[in-house]
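Okay, so here's the structure we're looking at.
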Amino acid sequence: AKRNLNRKKIKNMRAPLILTPKGTIQLILRPLVSAINGETFQYKRSFLVGKRNETIGTKYLNIEDNGLIDGAVGSSIFDGEGVPCTNKKIFEEGRFLKSGLLHNSYTSGKEGIESTGNASRSSYNSIPSIGATNFLLQPGNIKFDEMIKNVKKGILFDYTGDSPNITTGDFSGLILHGNLITNGEVKEPLNETMIGINLLDLFKKIEAVSKEYKVYGSFQAPYVKIDDVQIIGGKS
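Residues in the sequence shown are numbered from 1 upward in steps of one, following my numbering.
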């Protein structure tokens, strides 16, 4: 709460953007769950269509959907269709794996492959949809304090009420919870500050991922440092 007192307007700038674990979920993990949904892909409504087996991010982009983590919220022996849940790599060192889509029996049947064990249903009477199990960005090898130590001027991004466009990958949103970083220290909370970036550009600008991570529901997310992001300030 203290971090949101005395909000400050800033001028437009290009600067490093540090995502908190909540920010990582909002700008990386949650959009990807939608983008790698087999049905979304088959209807060509994903910004990742045509990118399978391509390196579209830096080596720090390592993501998996793991339904086998002991005690985790999204873990289960079977999915909503009785197919065994598995641990699936989605991104490996920035490469979007050819096998990196989430399927139920219907969408996998259309591709002539086996279901990935990602059928989800709200009740036994409902038609199975597709959902992630435990979706995680693998932690890196640097502490958060080290990550921001050399940032002369940057932004710590925690929360926005806006969402990326899953079809195009474009994101433009107001930072509702975020702070200015000055000389390696988290400073004033931001007022009337926006960011604009395409997720494919964001993936290519991932410069570091923290050792520390947090678990929110079925997401596991570290801090992520994004280099050279367009920041739109409210100060003329």
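Every residue gets a Cβ at the ideal spot worked out from N, C-alpha and C, and that includes glycine.
- Distance from the CA atom of isoleucine 56 to the CA atom of phenylalanine 203, rounded to whole angstroms, is 7 Å.
- In the three-state reduction of the DSSP assignment, alanine 35 falls in the helix class.
- By the 16-neighbour rule on beta-carbons within 10 angstroms, phenylalanine 41 is buried.
- Counted as a single uninterrupted DSSP element, the alpha helix (DSSP H) harbouring threonine 107 occupies residues 105 to 111.
- Lysine 225 sits buried, since 16 or more C-beta atoms from the chains shown fall within 10 Å of its C-beta.
- In the DSSP assignment, isoleucine 175 falls within the beta strand (DSSP E) that extends over 170 to 182.
- Beta-bridge pairing by DSSP links aspartate 65 to Lys88 and Phe135.
- The continuous alpha helix (DSSP H) containing phenylalanine 144 extends over residues 144 to 149.
- Sequence-distant partners of arginine 121 (beyond 5 residues in either direction) whose C-beta falls short of 6 Å from its own C-beta, in its chain, are Gly80 and Pro128.
- Per the C-alpha coordinates, the member of Lys149, Ile175, Gly154 and Thr167 positioned closest to glycine 161 is Ile175.
- According to the DSSP assignment, leucine 17 belongs to the beta strand (DSSP E) that extends over 13 to 19.
- Proximity to isoleucine 206 across Lys51, Pro164, Thr58 and Gly184 peaks at Thr58, based on C-alpha coordinates.
- For threonine 24, same chain residues with a beta-carbon under 8 Å away, outside a window of 5 residues either side, are Leu137, Ala221, Pro222, Tyr223 and Val224 in chain order.
- Assignment of beta-bridge partners to glutamine 230 by DSSP yields Arg14 and Gly196.
- Distances from the CA of aspartate 228 to each of Lys211, Asn198, Glu212 and Phe219 were compared; the closest alpha carbon is that of Asn198.
- The closest CA to that of glycine 117, considering only Tyr159, Ala72, Thr167 and Asn66, is found on Asn66.
- Our two residues, lysine 9 and alanine 15, have alpha carbons roughly 15 Å apart in a direct line.
- Proline 31 and proline 164 do touch by the CB rule: their CB atoms are close to 5 Å apart, below 8 Å.
- The straight-line gap separating the alpha-carbon atoms of valine 73 and asparagine 134 is approximately 7 Å.
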